[in-house]
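Taking it in order: structure first as C-alpha cells, then the write-up.
Protein chains in written order, with my numbering: chain W, 449 to 882; chain G, 10 to 530.
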C-alpha cells in the first residue's frame with residue numbers, strides 16, 4: 449500500500465489527509481513535533497483569554513484519527529533523504545515514504561534585533577509560544593508591561609490577549625498607520641482609533657532598536673530607534689510577519705527560495721515530494737496573489753486540491769476569488785475580491801469609502817475607474833455574504849449594481865440596523881460631487 | 010499546559026460592593042429559612058429581593074458598561090464558578106439541595122401543612138402573595154418569585170453583555186416579558202378573577218406542561234364554563250396548531266429561547282454556564298436516545314391518564330376510551346406516514362429507529378387498552394404512572410438535574426436530554442422548518458468559539474468548517490454561536506426549504522471545477 453507521509457498537522461496537512469482518506473485507502477501518516485493532535489492555530493489567542501481551553505481548539509475528537517486510519521507521529525523532522533525516500537526524525541527514528549508532503553507552515557520573523565532571543569521575547573504562532581507567554585505573562589503583577597513589535601494581524605491579536613489580563617501594552621508599528629500596507633487609509637485610521645480606545649499604547653512610525661537584558665538573560669526593556677526612549681517591560685512580542693518554516697529542508701535537495709518552491713500542481717523539483725500551505729512558494733504568483741500565501745483558507749484549498757493529485761487526478765491549484773477575514777479587537781473585517789491600499793494599488797483602481805459615525809463600521813469598494821467593474825470590497829463591522837460577492841465577481845458586475853444590491857449581501861444577525869440606504873446615498877452624493 | 014490555571018482577573022471594588030449587597034439579600038432569605046422571625050415581613054422581603062436585584066444590576070453595569078461593546082468572554086474558563094471549579098461545585102450542591110427540598114420536603118421551607126400558617130422562608134413571601142392574589146404563599150409561589158427575579162436581574166445583565174447585538178437584546182426582553190407576565194403575574198390575576206381555575210401558565214405547552222390533562226386539571230377547567238373551556242382548548246391548539254405553524258416559520262427558537270421559562274432561566278441566570286455542555290459525539294448519541302424515550306414516556310403516560318378518567322359508554326360522552334386510543338394511534342400513524350412520505354429518503358437509518366419507536370408506542374397503547382381496568386393500567390394503579398413521571402421527569406430531571414446541575418452540565422441539560430416539548434419541536438425543526446444557521450461560504454477558521462458557546466452541545470464548528478448549514482433538531486436558536494464568531498460566519502435565518510441542508514466537501518473560494526467535481530457527485 450502506498451504510504452503518504454505529511455509533515456505538519458495544521459489545516460493544510462490535515463485537510464489533505466482527510467481528503468485522501470475520502471478518496472482512497474492509502475496509508476497516511478502525519479508527523480508533527482508541535483502537538484499530538486490538530487488544533488486551530490487561529491484560536492490560540494482564545495485560550496490565553498480564557499474563552500476556551502486547549503482541547504476546544506481541536507476540531508476533531510481524539511478518536512477521529514484512528515477511526516479514519518490516519519496515523520499520527522509526534523516528532524520533529526531533521527532531514528529529508530529524497531534518494532532513499534526516508535525522513536530522519538529528531539527522536540532518532542526513521543520514516544519511509546512513497547509520497548511526501550511538506551506542510552510545516554510558518555515561523556515568526558526576526559530581523560536580527562539585538563536581544564531578540566532573550567528570555568521573555570517570543571512570537572505568537574506555535575502552541576509553544578502560547579505556553580511561553582503563559583509562563584512570562586500570567587498576570588499584570590508578573591508582567592507589568594509588554595511591548596509588541598509589528599503591526600499586523602498577529603500583533604493586534606497579541607495586544608488583545610494581553611489586554612484581556614489587564615497587562616499594559618505598548619504596540620510598536622513601523623508604518624505610519626496600522627496595517628496600511630494592506631488596508632486603505634480610512635480603514636487603517638479607524639483601526640488606529642479603535643486600538644487607542646482599548647487603552648493600548650499605539651506607537652506609529654516607530655521601530656525597535658534593541659531589546660535589553662537584565663542580569664539573568666531576561667528582557668528588561670526595549671529601546672526605540674527614533675527617539676532612543678527606553679520602555680521597561682517583561683515581555684516582548686515579535687509579530688513582524690511570518691516566513692516559511694523550512695529550515696530542516698535546507699539540507700535536502702528540495703529547491704527552496706523563501707519557501708519550498710512549487711509549481712501550479714504543488715509539486716517540488718523532486719518527484720513525489722509536494723508542498724502546501726504557508727510554507728509553499730509558487731514559482732510565479734497566481735493573479736494578484738502573493739507567491740507565498742500564509743492564510744488559513746489558502747492552506748485548506750491547497751490541501752483539497754492536492755488530495756486529487758495524490759489520488760490520481762492530477763490537478764492544478766486554481767483558487768477562486770480572493771477572500772479573507774480577521775477581527776481587530778471588537779471590529780470584524782471581511783474582504784472579497786481585491787481592495788489594495790494606497791501604497792500598492794494600480795492607478796485604475798478607484799475606491800468608494802463609507803464610514804459610520806460611530807467609528808466602528810466602514811466599507812471600501814474598489815472598482816475599475818474606466819470600466820466601472822467591481823473589483824472588491826473591504827467591510828468592517830458589517831458582515832457580508834461570501835457567496836453573493838463570489839457570484840458578483842464571477843459575473844463581473846459593475847459598481848452601480850453592487851451598490852444598489854448591497855442589501856442582498858448583508859449577513860448581519862437579524863434585527864441589526866441596516867446601513868445600505870445610507871451607503872447608497874453617500875455613494876450617489878459622491879458621484880454628483882466628483 | 011503544565012502550568013496552574015491562570016488566576017481569574019480580580020473584580021473591581023464596585024463589583025465587590027455589589028456582590029456584598031446581593032449576598033446580604035440572600036442572607037435575609039437564608040435567615041428566614043432558619044426561622045428568623047422578621048417583624049415586618051413585607052419590608053424585609055422587599056429589602057432582600059431589592060438587594061439581590063440591585064446587586065446584580067450594579068455588578069453588571071460595572072462589568073460591561075465600563076468596556077467597549079463586544080464579546081465579553083474573558084476568563085470564562087479561568088473563573089472557578091464557570092469552569093467546574095470549587096465554586097461551581099458549591100453552587101451546584103446548593104442549587105441541587107434547594108430543588109430536592111422544594112419538590113420533596115417543602116415543610117423545611119416553612120410550608121404550613123393542613124391549614125397551619127406558613128413559617129420560615131415561605132411566610133416571608135406571604136405579604137407579596139397576599140398583595141397579588143389575596144392568599145398566603147406556597148412553596149411554588151416562593152420558587153416562582155425567585156425564578157422571576159433571576160430571569161429579570163440576569164436578563165438585564167445579559168442585555169448589557171450583548172448590548173451590541175439586537176437579536177440578543179430583543180430575545181432577552183421577550184423571555185423576561187413572558188416570565189414576568191405569563192408565568193408569574195397572569196396566573197395570580199386569573200386566580201383573583203376565578204379561584205376555581207387550575208393554575209395555568211398559558212405559555213407552558215403540553216408535554217412540557219404534563220399536568221394540564223390531569224383529571225383534576227381538566228375537571229377544573231370544564232367546571233368553569235366558557236373561560237375554562239377556552240383555556241383547555243387553547244392548551245390543545247397550542248401544541249397541535251400554533252406550535253407547528255410557528256416552528257415551520259421560525260424554527261423551535263420561537264419557543265425555546267424566546268418564550269419558554271426553562272429556556273428563559275437558562276439564557277439569563279444560566280448564561281455563565283453555557284460553555285459547560287459536552288460537545289462529544291457520545292453525548293449527542295445519549296441525547297438522542299434519552300430525549301426520545303422521555304417523549305414516548307410522556308405520550309404514553311398522558312394517554313394512559315386521560316384514558317383512565319374516560320368512560321366506556323358512548324352515552325356519557327362521545328370520547329370513550331376506545332375512541333380515544335384509536336385517535337391517538339391514528340394520529341401517531343398519520344404523523345409517521347407523513348414523515349416517511351416527504352422525508353423518508355433523507356432520514357435513512359433514522360427512519361428505522363422512528364418506526365421502532367412508533368410501533369413500540371402503539372403496542373404499549375394497545376396492550377394498555379386490553380389489559381387496563383377501571384383503575385389499573387399496565388397492572389399498576391393508574392395514578393402511579395403519572396406520579397412516576399411527575400417525580401422522575403417533572404421534578405428530578407427538569408428541576409434537580411436540569412437546573413441544579415447548571416454549573417456542572419451546563420445550562421440546558423434538561424432542554425437537551427429530557428424536554429419532550431423540545432423533542433417534538435426539534436423533530437419538526439429538523440424536517441419541516443424554514444429555520445437554519447447559514448454558514449458563510451468558506452470563511453470558517455475552525456476556531457471553536459461557536460461550539461464552545463453552544464449550550465445545547467452542538468458541535469457547530471463541525472458543520473461550519475465544511476461550509477455546511479446547521480440544521481439540527483436540538484438547536485434552540487439562541488444565536489450566541491453567531492455572536493461569538495470572530496469571522497462573521499454564522500447567521501440564523503428563516504429562508505426557503507430549498508438548499509437548507511447543503512452537505513459540501515470543498516468549500517467556496519476554491520477552484521470552481523474542483524467544487525463541481527467533488528460536491529455534485
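C-beta: ideal position from N, C-alpha, C; glycine also.
Just so it is clear, the structure is predicted and the values come from calculations on it, not from any experiment.
(1) Does residue 517 (chain G) get closer than 7 Å to chain W when you measure Cβ to Cβ?
(2) Spatial neighbours of residue 564 (chain W) within its chain, please: CB distance less than 8 Å, with the 5 preceding and 5 following residues excluded, ordered by chain position.
(3) Near residue 96 (chain G), what residues of its chain come up, given a Cβ to Cβ distance below 6 Å and the 5 sequence neighbours on each side ignored?
(4) Please check the pair residue 480 (chain W) and residue 510 (chain W), which I expect to be a contact at CB under 8 Å, by giving their CB distance rounded to whole angstroms.
(5) Kindly indicate which residue of G:103, G:126 and G:376 has the alpha-carbon position closest to the one of residue 144 (chain G).
(6) Restricting to Cα atoms, I'd like to know which of G:482, G:329, G:493 and G:248 is closest to residue 900 (chain W).
(7) What does the alpha-carbon distance come out to for the pair residue 425 (chain G) and residue 482 (chain G)?
(8) Does any residue of chain G have a CB that is nearer than 7 Å to the CB of residue 480 (chain W)?
(9) Buried or exposed: where does residue 800 (chain W) fall if 16 or more other Cβ atoms within 10 Å of its Cβ makes it buried?
(10) Would you kindly check if the distance between the Cβ of residue 491 (chain G) and the Cβ of residue 861 (chain W) is under 7 Å?
(11) Using C-beta distances below 7 Å, list every residue in its chain close to residue 349 (chain G), excluding the 5 sequence neighbours before and after it, in chain order.
(12) Applying the criterion that 16 or more other CB atoms from any shown protein chain within 10 Å of the CB defines a buried residue, is residue 339 (chain G) buried or exposed?
(13) Closer than 8 Å is the cut-off here; do at least three beta carbon pairs connect the region 257-275 of chain G with the region 232-247 of chain G?
(14) Taking 6 Å as the limit between beta carbons, can you name the residues of its chain near residue 649 (chain W), skipping five residues before and five after?
(15) With distances taken from CA atoms, which of W:485, W:519 and W:495 is nearest residue 461 (chain G)?
(16) Measuring CB atoms only, is the region 152-161 of chain G touching the region 190-209 of chain G, in the sense that at least three cross pairs come out at less than 8 Å?
(17) Contact between the region 499-509 of chain G and the region 735-749 of chain W is defined here as three or more beta-carbon pairs at a separation below 8 Å; is this criterion met?
(18) In this structure, how does DSSP classify residue 651 (chain W) when only helix, strand and coil are distinguished?
(19) Using a Cβ-Cβ distance under 7 Å, would residue 794 (chain W) count as near chain G?
(20) To the nearest angstrom, how far is the alpha carbon of residue 487 (chain G) from that of residue 176 (chain G)?
(21) Note down, in chain order, every chain W residue with its Cβ under 7 Å from the Cβ of residue 290 (chain G).
(22) Residue 215 (chain G) touches chain W at which residues, Cβ-Cβ below 9 Å?
(23) Rank W:835, W:794 and W:806 by C-alpha distance to the C-alpha of residue 818 (chain W) and give the top, closest one.
(24) Helix, strand or coil for residue 722 (chain W) per DSSP?
(25) Determine, using beta carbons only, whether residue 476 (chain W) and residue 452 (chain W) come nearer to each other than 7 Å.
(26) Using beta-carbon positions only, say whether residue 285 (chain G) and residue 429 (chain G) come within less than 7 Å of one another.
(27) Excluding the 5 residues preceding and the 5 following residue 171 (chain G) in the sequence, name in chain order all residues of the same chain whose CB lies nearer than 6 Å to its CB.
(28) Could you tell me which chain W residues have their CB closer than 8 Å to the CB of residue 502 (chain G), listed as they occur along the chain?
(29) Report yes or no: do the region 571-591 of chain W and the region 763-770 of chain W share at least 3 C-beta pairs separated by less than 8 Å?
(30) Between residue 455 (chain G) and chain W, is any beta-carbon pair separated by less than 7 Å?
(31) Could you list the residues in the region 626-647 of chain W with a C-beta less than 7 Å from some C-beta on chain G, going in chain order?
(32) In three-state DSSP terms, what is residue 283 (chain G)?
(33) Going by Cα to Cα distance, which pick from G:442, G:476 and G:438 is closest to residue 454 (chain G)?
(34) Check the Cβ-Cβ distances between residue 115 (chain G) and every residue of chain W, and say whether any is below 7 Å.
(35) Does any residue of chain G have a CB that is nearer than 7 Å to the CB of residue 584 (chain W)?
(36) Have a look at residue 609 (chain W) and residue 493 (chain W) and give me their C-alpha separation to the nearest angstrom.
With the structure as the only source:
(1) Looking up residue 517 (chain G) in the second chain gives position 508. Closer than 7 Å: yes.
(2) Translated into positions along the first chain, residue 564 (chain W) becomes position 116. Same-chain partners within the cutoff: 558, 659 and 686.
(3) Within the second chain, residue 96 (chain G) is the residue found at index 87, counting from 1. Excluding positions up to five away in sequence, the list reads 89 and 90.
(4) Within the first chain, numbered from 1, the residue matching residue 480 (chain W) stands at position 32. Within the first chain, numbered from 1, the residue matching residue 510 (chain W) stands at position 62. At roughly 14 Å, the Cβ-Cβ gap does not stay under 8 Å, so residue 480 (chain W) and residue 510 (chain W) are not in contact.
(5) For the purposes of this step, residue 144 (chain G) is taken as residue 135 along the second chain, with counting starting at 1. When each option's Cα is compared against that of residue 144 (chain G), the closest is G:126.
(6) This structure leaves residue 900 (chain W) out entirely; chain W is present only between 449 and 882.
(7) Here the question's residue 425 (chain G) lines up with position 416 in the second chain. Here the question's residue 482 (chain G) lines up with position 473 in the second chain. Computed Cα separation, rounded: 10 Å.
(8) One-based indexing of the first chain puts residue 480 (chain W) at position 32. Not an interface residue.
(9) In the first chain, counting from the first residue as 1, residue 800 (chain W) sits at position 352. The residue in question, residue 800 (chain W), is buried, as its Cβ has 16 or more Cβ neighbours within 10 Å.
(10) Sequence index remark: in the first chain, residue 861 (chain W) carries index 413 (1-based). Sequence index remark: in the second chain, residue 491 (chain G) carries index 482 (1-based). Contact: yes.
(11) Position 340 of the second chain holds residue 349 (chain G). So the list reads 360, once near-sequence residues are dropped.
(12) The residue you call residue 339 (chain G) lines up with position 330 of the second chain. Burial call: exposed.
(13) no
(14) If you number the first chain from 1, residue 649 (chain W) lands on position 201. Closer than 6 Å at the Cβ level, and outside the excluded window around residue 649 (chain W), lie 618.
(15) The residue given as residue 461 (chain G) occupies position 452 in the second chain. If we check each option's Cα against that of residue 461 (chain G), W:495 comes out closest.
(16) yes
(17) no
(18) In the first chain, the residue the question calls residue 651 (chain W) occupies position 203. Residue 651 (chain W): strand per DSSP, three-state reduction.
(19) For the purposes of this step, residue 794 (chain W) is identified with residue 346 of the first chain, where counting begins at 1. It does not: the Cβ of residue 794 (chain W) has no partner Cβ on chain G nearer than 7 Å.
(20) Your numbering for residue 487 (chain G) matches position 478 in the second chain. Your numbering for residue 176 (chain G) matches position 167 in the second chain. About 9 Å.
(21) Here the question's residue 290 (chain G) lines up with position 281 in the second chain. Ordered by position in chain W, the residues that pass the 7 Å Cβ test against residue 290 (chain G) are 509.
(22) For the purposes of this step, residue 215 (chain G) is identified with residue 206 of the second chain, where counting begins at 1. Here the premise fails: no neighbours, minimum Cβ distance about 29 Å.
(23) Start at 1 with the first residue of the first chain, and residue 818 (chain W) comes out as number 370. For the residues W:835, W:794 and W:806, the minimum Cα distance to residue 818 (chain W) belongs to W:794.
(24) Numbered from 1 along the first chain, position 274 holds the residue referred to as residue 722 (chain W). Residue 722 (chain W) falls in the strand class under three-state DSSP.
(25) Along the first chain, one-based indexing puts residue 476 (chain W) at 28. Along the first chain, one-based indexing puts residue 452 (chain W) at 4. Against a cut-off of 7 Å, the Cβ pair of residue 452 (chain W) and residue 476 (chain W) comes out as a contact.
(26) Within the second chain, numbered from 1, the residue matching residue 285 (chain G) stands at position 276. Within the second chain, numbered from 1, the residue matching residue 429 (chain G) stands at position 420. Not a contact, by the Cβ cut-off of 7 Å.
(27) Here residue 171 (chain G) corresponds to residue number 162 of the second chain, with the count starting at 1. For residue 171 (chain G), where only same-chain residues beyond five positions count, the Cβ hits under 6 Å are 177.
(28) Within the second chain, the letter at position 493 stands for residue 502 (chain G). Per Cβ cutoff of 8 Å: 862.
(29) no
(30) Position 446 of the second chain, counting from 1, holds the residue named residue 455 (chain G). Yes, residue 455 (chain G) lies at the interface with chain W (some Cβ there is under 7 Å from its Cβ).
(31) 645 and 646
(32) By 1-based counting over the second chain, the position of residue 283 (chain G) is 274. Note: residue 283 (chain G) maps to helix in three-state DSSP.
(33) As a first step, residue 454 (chain G) must be located in the second chain, where it is residue number 445. Minimum Cα distance to residue 454 (chain G) is reached at G:476.
(34) As a working mapping, residue 115 (chain G) is identified with position 106 in the second chain. So, not an interface residue.
(35) Taking the first chain and counting its residues from 1, one reaches residue 584 (chain W) at position 136. No, because no Cβ of chain G sits closer than 7 Å to the Cβ of residue 584 (chain W).
(36) For the purposes of this step, residue 609 (chain W) is taken as the residue at position 161 of the first chain. For the purposes of this step, residue 493 (chain W) is taken as the residue at position 45 of the first chain. Their Cα atoms are separated by approximately 6 Å.
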